[in-house]
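To start, the structure under review is shown below, and the notes come after it.
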Amino acid sequence: MQANELGGLNRWWRVVGGLSMNLALGTLYGWSVFVAPLEAQFGWKRAETSMVFTIAVIVFALSFVAAGRLQDKYGPLACSLTGGILVSLGFYLCSFTTSLNYLYLCFGVIGGLGNGFGYATPIPVMAKWFPDKRGLAVGLAVGGYGAGSAIFGPLSQLKLIPAYGLPATFQILGGIFLVMTIVGALLLRNPPAGYRPAGWTPPAVQGAAPSRDFAPSEMLKTRTFYLMWLGYALGCSAGLMVISQLVPFAKSVGIGAAALSTMTLVVGAFGNASGRILSGWMSDRLGRINVLRTMIGICIVAMPALYAAGSNVALLYGAVFVVYWCYGTQLSVNGVAASDFWGTKNAGINYGILFTAWGVAGIIGPRIGGVLYDRYHDYQAAFYSAAALAAVALLCELGARRPGAKA
Numbered sequence: 001m002q003a004n005e006l007g008g009l010n011r012w013w014r015v016v017g018g019l020s021m022n023l024a025l026g027t028l029y030g031w032s033v034f035v036a037p038l039e040a041q042f043g044w045k046r047a048e049t050s051m052v053f054t055i056a057v058i059v060f061a062l063s064f065v066a067a068g069r070l071q072d073k074y075g076p077l078a079c080s081l082t083g084g085i086l087v088s089l090g091f092y093l094c095s096f097t098t099s100l101n102y103l104y105l106c107f108g109v110i111g112g113l114g115n116g117f118g119y120a121t122p123i124p125v126m127a128k129w130f131p132d133k134r135g136l137a138v139g140l141a142v143g144g145y146g147a148g149s150a151i152f153g154p155l156s157q158l159k160l161i162p163a164y165g166l167p168a169t170f171q172i173l174g175g176i177f178l179v180m181t182i183v184g185a186l187l188l189r190n191p192p193a194g195y196r197p198a199g200w201t202p203p204a205v206q207g208a209a210p211s212r213d214f215a216p217s218e219m220l221k222t223r224t225f226y227l228m229w230l231g232y233a234l235g236c237s238a239g240l241m242v243i244s245q246l247v248p249f250a251k252s253v254g255i256g257a258a259a260l261s262t263m264t265l266v267v268g269a270f271g272n273a274s275g276r277i278l279s280g281w282m283s284d285r286l287g288r289i290n291v292l293r294t295m296i297g298i299c300i301v302a303m304p305a306l307y308a309a310g311s312n313v314a315l316l317y318g319a320v321f322v323v324y325w326c327y328g329t330q331l332s333v334n335g336v337a338a339s340d341f342w343g344t345k346n347a348g349i350n351y352g353i354l355f356t357a358w359g360v361a362g363i364i365g366p367r368i369g370g371v372l373y374d375r376y377h378d379y380q381a382a383f384y385s386a387a388a389l390a391a392v393a394l395l396c397e398l399g400a401r402r403p404g405a406k407a
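In terms of the UniProt record's numbering, the sequence shown opens at residue 1 and continues consecutively.
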């Protein structure tokens, strides 16, 4: 049976699969929920527990390249199943934590590998099933990654940890994630070769050469790749610098624990998810690069505005939502743009290579923020430097265009 015989319903199940997968994987952003209980139990310092997240981000970004290549070669099922099993196993094994090195291995390495293999699959699958609504479909699928911490973060912090303790919480989450990721993996399938939605014809891009599939080596020869890589790295560095300093900044201006938890786990997470979904939808109509330019431009203003909001909870929530929205935009629209610009045949590895920019951002963004605070003992320099990074990212995106298109 051909894929289009079932009409639109068949392909929308792929979105459900990607969403289910990413809701589980996105709990990586909820790591802060586990920090305080671990420090209270073992007496570890914040720098030590923060390294867990850093290791996970690095392993995530590096494994994404290999996972993308395997996804392109062997299909999405094996890759997504591997990711789901690894991330679930990582959470389950965390329940037996007695040392930092063990935690680094379970959450950082095993969990990071699970994220890399699991996240590598939905974007290429959506790009192939939805050439007509690529931005919306990818945004919906990866929006789950931004929303995962908004669901499982409060569930863990307010219900599971108080009722069952930290070890049992890791085990419960591992079991939930195993079911969610297996369901997601089984739904993620590529369409038949040459698939097109009924009644859809590829739109002509004015001033551009006919679209084709670029091999990774060909992609690396295009000027657009390097401009987008730099824009991606600097834009996400700006976002992650603010995100990494948000909790201590909020505490420094007198934001209470309840408001702080809502801000980071709900407002930020839904801003992140909204940016992925709605900016993806917008990019179908306005163009990928145009949306990236717009949201990075808004980010330049939002970061100093967040600092200026200070202890005004309403203004702070609004600024946090916008910053997370702009950050989430880059995680969905860059993935869609990679398929648009360099084709879907090698979308897994091509976007994997581009995605290394996020891995670099995960290292330099939080690091720069911490260094600036240590030097000036105030967050103003960190937030304003984030705006400066976003400004340079905007310049890169202003120079980027579809390969083959005229200036």
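We treat Cβ as the ideally placed atom computed from N, Cα and C, and that holds for glycine.
On a predicted model such as this, the values are computed, not experimentally measured, just so you know.
#### Entry: residue 121 classed as buried or exposed, judged by whether at least 16 other C-beta atoms fall within 10 angstroms
By 1-based counting over the sequence shown, the position of residue 121 is 121. Residue 121 comes out buried.
### Task
Figure out for me which residue from 103, 348, 263 and 30 has the closest Cα to the Cα of residue 153.
The count along the sequence shown starts at 1 and reaches residue 153 at position 153. Nearest of 103, 348, 263 and 30 to residue 153, Cα basis: 30.
### Message
Taking 8 Å as the limit between beta carbons, can you name the residues of its chain near residue 300, skipping five residues before and five after?
### Response
Locating residue 300 in the sequence shown gives position 300, where the first residue counts as 1. If we look at residue 300 and ignore the five residues flanking it on each side, its Cβ neighbours are 387, 390, 391 and 394.
### Message
To the nearest angstrom, how far is the alpha carbon of residue 327 from that of residue 303?
### Response
The residue you call residue 327 lines up with position 327 of the sequence shown. The residue you call residue 303 lines up with position 303 of the sequence shown. Within the model, the alpha-carbon separation for residue 327 versus residue 303 is close to 11 Å.
### Message
Just to confirm my understanding: we take residue 249, look at its own chain, exclude 5 residues before and 5 after, and list those with CB closer than 7 Å. What are they?
### Response
As a first step, residue 249 must be located in the sequence shown, where it is residue number 249. Excluding residues within five positions, the ones whose Cβ falls inside 7 Å are 379.
### Query
Which residue from 320, 331, 263 and 226 puts its Cα closest to that of residue 276?
Residue numbering aside, residue 276 sits at position 276 when the sequence shown is read from its first letter. It is 331.
### Query
Who are the near neighbours of residue 320 in its chain, counting only those whose CB is closer than 6 Å to its CB and skipping five residues on each side?
Your numbering for residue 320 matches position 320 in the sequence shown. Closer than 6 Å at the Cβ level, and outside the excluded window around residue 320, lie 263, 267 and 268.
### Query
Using the beta-carbon count (16 or more within 10 Å), is residue 207 buried or exposed?
Here residue 207 refers to the residue found at position 207 when the sequence shown is read from its first residue. For residue 207, the predicted model reports a pLDDT of 44, less than 50, meaning its position is unreliable; a value from the coordinates is still stated below. The residue in question, residue 207, is exposed, as its Cβ has fewer than 16 Cβ neighbours within 10 Å.
### Message
Checking 8 Å against the spacing of the C-beta atoms, do residue 156 and residue 173 come in under that value?
### Response
Residue mapping note: residue 156 aligns to position 156 of the sequence shown, counting from 1. Residue mapping note: residue 173 aligns to position 173 of the sequence shown, counting from 1. It is a contact, given that the beta carbons lie within the stated cut-off.
### Message
Let me check understanding here. Comparing Cα to Cα, which of 357, 375 and 347 lies closest to residue 212?
### Response
Position 212 of the sequence shown, counting from 1, holds the residue named residue 212. The option with the nearest alpha carbon to residue 212 is 347.
### Cβ distance (whole Å) where residue 362 is taken to contact residue 240 below 8 Å
Looking up residue 362 in the sequence shown gives position 362. Looking up residue 240 in the sequence shown gives position 240. Contact flag correct, Cβ pair sits at about 6 Å.
### Query
Grouping DSSP H, G and I as helix and E and B as strand, with all else coil, what is residue 132?
Start at 1 with the first residue of the sequence shown, and residue 132 comes out as number 132. The answer is coil: DSSP assigns residue 132 none of H, G, I, E or B.
#### Entry: Straight-line gap, residue 287 to residue 27 (C-alpha atoms, nearest Å)
For the purposes of this step, residue 287 is taken as the residue at position 287 of the sequence shown. For the purposes of this step, residue 27 is taken as the residue at position 27 of the sequence shown. Using only the alpha carbons, I get a separation of about 30 Å.
### Separation of residue 236 from residue 96, as counted between CA atoms
Position 96 of the sequence shown holds residue 96. Position 236 of the sequence shown holds residue 236. In a straight line, the C-alpha of residue 96 is about 33 Å away from that of residue 236.
### Task
Just list the alpha helix (DSSP H) runs in the stretch 178–233, keeping only unbroken ones of 4 residues or longer that don't cross its boundaries, in chain order.
216–219, all fully within the stretch 178–233.
### Query
How many Å lie between residue 270 and residue 221 at the Cα?
Locating residue 270 in the sequence shown gives position 270, counting from the first residue. Locating residue 221 in the sequence shown gives position 221, counting from the first residue. Using only the alpha carbons, I get a separation of about 37 Å.
### Where residue 92 falls, given that 16 or more other Cβ within 10 Å makes a residue buried
What you label residue 92 is simply residue 92 of the sequence shown in a count that begins at 1. Residue 92 comes out buried.
### Message
At the level of alpha carbons, what is the spacing between residue 74 and residue 65?
### Response
Residue 74 sits at position 74 when you count from the first residue of the sequence shown. Residue 65 sits at position 65 when you count from the first residue of the sequence shown. Roughly 14 Å between the two C-alpha positions.
### Query
Over what stretch of residues does the alpha helix (DSSP H) that includes residue 157 continue unbroken?
For the purposes of this step, residue 157 is identified with residue 157 of the sequence shown, where counting begins at 1. If you look at residue 157, you'll find it isn't in any alpha helix (DSSP H); DSSP assigns it neither H nor E.
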